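*Asks:*
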Amino acid sequence: MLHLHLAPLLMDQYRIQSVAIFLLIFSTFIHLSLASTQPFLIPHNQARAQVGVQPLIWNNTLAMYARGYAYERISDCNLQHSDGPFGENIAVGYDDQFPVPVAVNLWVDEKQYYDYESNSCVGDECLHYTQVVWSDSVHLGCAKVSCYAGGWFVICSYDPPGNYVGERPY
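Each residue of the sequence shown is one higher than the one before, counting from 1 in the UniProt record's numbering.
(1) Starting from V100 and walking both ways along the alpha helix (DSSP H), at which residues does that stretch end?
(2) Taking the beta strand (DSSP E) that Y158 belongs to, which residues open and close that run?
(3) Within its chain, find whatever has a CB closer than 6 Å to the CB of F98; leave out the 5 residues flanking it on each side and keep chain order.
(4) Tell me the DSSP bridge mates of S120?
(5) Express the C-alpha separation of L41 and V53 in angstroms, rounding to a whole number.
(6) With DSSP run on the structure shown, which of helix, strand or coil describes L79?
(7) Excluding the 5 residues flanking S27 on each side, which residues of the same chain have their C-beta closer than 6 Å to its C-beta?
(8) To the nearest angstrom, how far is it from the Cα of I30 to the Cα of T37?
(9) When the Cα atoms are used, what is the spatial distance from W134 to D76?
(10) Could you tell me which residues DSSP puts in a beta bridge with C147?
(11) In the DSSP output, what is G87 paired with across the bridge?
(12) Please state whether DSSP places L140 in a helix, a strand or coil.
(13) Use the C-beta contact count for L10: other C-beta atoms within 10 angstroms, 16 or more gives buried, fewer gives exposed.
(14) List the DSSP bridge partners of V92.
(15) Looking at G166: is its Cβ nearer than 8 Å to the Cβ of S137?
(16) Please tell me whether, using a cut-off of 7 Å, the distance from the CB of V104 to the nearest non-hydrogen atom of the ligand MN is below it.
In structure tokens form, the structure reads like this:
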């Protein structure tokens with residue numbers, strides 16, 4: 001009779017352990033997912049904060065779009081825009097790992113070529129920067145892939161898109 005009374009107790013303990021394991025796995029997945037977005041978000045939002053623009057919010061739909069296009073470039077690593085419905089910045093690097101913040105900072109470093117007073121770029125060399133800080137853009141999704149011939153392709157997609165002629169980024 002003792003065995004019959006222990007069975008429900010063991011089943012409850014099994015359920016509690018199963019739920020605990022599920023929650024541990026789920027929280028680890030969320031942590032890893034958030035950690036992988038930070039190298040993209042932090043340099044973007046630092047640049048935006050410098051000019052008083054609200055931070056971007058990570059968007060998984062944009063990230064899936066960016067990843068899909070990055071995989072289209074995986075065979076050649078060409079700096080070719082997707083011509084899709086979103087704002088977009090792309091970069092290619094041949095460093096050992098081409099860290100994401102390095103790619104984003106290539107775009108942010110174009111700030112030196114943007115003249116706010118005339119709302120113009122020197123030789124159109126600041127349009128990556130203006131997309132990074134475009135105040136109407138609120139969502140960000142990015143991807144990075146290793147190309148077959150070497151190098152890394154990085155893409156960030158922005159929604160709503162920016163860089164409208166005649167409009168200031170902020």
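Yeah, the Cβ is synthetic: ideal placement off N, Cα and C, and Gly gets one too. Just so you know, these numbers come straight off a predicted model, no measurement behind them.
*Replies:* Checking against the coordinates, here is how it stands:
(1) 100-108
(2) 152-159
(3) W152, listed in sequence order.
(4) D115
(5) One Cα belongs to V53, the other to L41, and the distance between them is close to 14 Å.
(6) coil
(7) The predicted position of S27 is uncertain, since its pLDDT is 35 and thus under 50; no value can be drawn from it.
(8) A caution first: I30 carries a pLDDT of 33, below 50, which makes its placement in the model too unreliable to give a value.
(9) If I take the Cα positions, the gap works out to 30 Å.
(10) According to DSSP, which records beta bridges pairwise, C147 is partnered with nothing at all.
(11) Y158
(12) strand
(13) Confidence in L10 is poor, its pLDDT being 47 and thus under 50, which makes the residue's placement unreliable; the coordinate value appears in the next sentence. By the neighbour-count rule (16 or more Cβ atoms within 10 Å), L10 is not buried but exposed.
(14) F153
(15) Taking 8 Å as the Cβ cut-off, G166 and S137 do not qualify as a contacting pair.
(16) Summarising the ligand content, the structure contains no ligands, and the ligand MN is consequently not present.
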